[in-house]
Amino acid sequence: MKKILKITIIILAIVFASCLFASVKYYFYPKYKKVYYAKNFGIEVIKSENDTNNNGIDDYTDILNGARIDALNKPKYKSVYYAGGYPPDDEGVCTDTVWRAFKNAGILLKDLVDEDIKNHIELYPRVNGIIDSNIDFRRVKNLKVFFERFAINLTLDPLKIEEWMPGDIVIFGTTHIGIISDKRNKDGITYLIHNAGQPLREEDALLKWHKKSPITGHYRFDYKRYLELAQSDI
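This is the structure in structure tokens:
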């Protein structure tokens, strides 16, 4: 009888330990959480009509994939000035995730931002009247001005889940920026792809960052629309 009781206690202890490990793993290691997608909530994903780099993949998906490549590469968070503007692939900050994502779609964000700053320097207060193409495109405040001017401006409410799409750009306050993932949590809130030096660069963190620093910009970049607006602005 004592032997059976001892075995029972051991089995219960093993079951308890397994459940405890599973719970800890779920809550403290986000990569183990169940992932959802737009289709799970009856949401139709918006695709871009543009394929700027002619690779057979629409721009929004290319932007998403480019951001994910950067997330998987996990560049060291390093905020320094680089001659030539571009940091090496294994270094960068939040803004570097964005231009790298755009580059994957064949869109050179640096060139577009530099051109608009040159033509409308008065609109870019972060520049302070002095153009520096080595750093201007890597400043969140400058990107906010650029996207406000040329991108489609969307809801700032992260709970309007049907309005957040893969490849969208999101800005928190005036100091942080990222790309919206196609992954979602159980409530339909989209994951965020960004670089704040955290271990997991694609994570369920949109609400966390919104609470920390409220969303001030949510954009969808249509390259043909940009070209039309830029041309009419000359």
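Each residue of the sequence shown is one higher than the last, beginning at 1227 in my numbering. The beta carbon of each residue, even a glycine, is placed where N, CA and C say it ideally should be.
Report, in whole angstroms, the separation of the C-beta atoms of residue i and residue j, which I expect to be a contact under 8 Å.
i, j, result
"F1328", "I1289", "6 Å"
"I1395", "I1405", "6 Å"
"R1190", "L1380", "Residue 1190 is absent from the model: the chain starts at 1227 and stops at 1460."
"Y1417", "T1278", "So it is not a contact: roughly 24 Å between Cβ atoms."
"V1261", "K1409", "5 Å"
For the beta strand (DSSP E) containing residue i, name the first residue and the last one.
i, result
"G1443", "I1441 to R1446"
"V1461", "The structure shown does not extend to residue 1461, since the chain is modelled only from 1227 to 1460, so the question has no answer here."
When you compare the CB positions of residue i and residue j, do they come within less than 7 Å of one another, or not?
i, j, result
"N1411", "Y1303", "no"
"I1441", "L1385", "no"
"D1322", "P1314", "no"
"E1275", "P1301", "no"
"I1403", "V1324", "yes"
"K1370", "G1443", "yes"
Within its chain, find whatever has a CB closer than 8 Å to the CB of residue i; leave out the 5 residues flanking it on each side and keep chain order.
i, result
"N1368", "V1339, I1343, Y1350, R1352, V1353 and D1362"
"E1270", "A1264"
For residue i, collect the residues of the same chain with a Cβ closer than 7 Å to its Cβ; drop the 5 residues on either side in sequence, then sort them by chain order.
i, result
"D1358", "none"
"G1393", "Y1286, T1287, I1289, L1290, I1405 and I1406"
"E1389", "L1380 and T1381"
"R1326", "G1292 and D1296"
Where do the N-terminal and C-terminal ends of the alpha helix (DSSP H) with residue i fall, by residue?
i, result
"H1436", "L1432 to K1438"
"L1335", "L1335 to N1345"
"D1285", "D1285 to N1299"
Using alpha carbons as the reference points, say which of the options lies closest to residue i.
i, options, result
"V1306", "R1365, T1287 and D1284", "R1365"
"L1453", "L1334, P1314 and C1320", "L1334"
"N1360", "K1259, R1427, G1310 and K1260", "G1310"
Enumerate in chain order the residues of its own chain whose CB-to-CB distance from residue i is below 6 Å, with the five nearest sequence positions on each side excluded.
i, result
"W1534", "Residue numbering for the chain in the displayed model covers 1227 to 1460; residue 1534 lies beyond these limits and cannot be assessed."
"F1376", "Y1452 and L1455"
"F1267", "G1414"
"S1431", "For the sequence presented, residue 1431 should be read as Ala rather than Ser. Closer than 6 Å at Cβ, skipping near neighbours: L1418."
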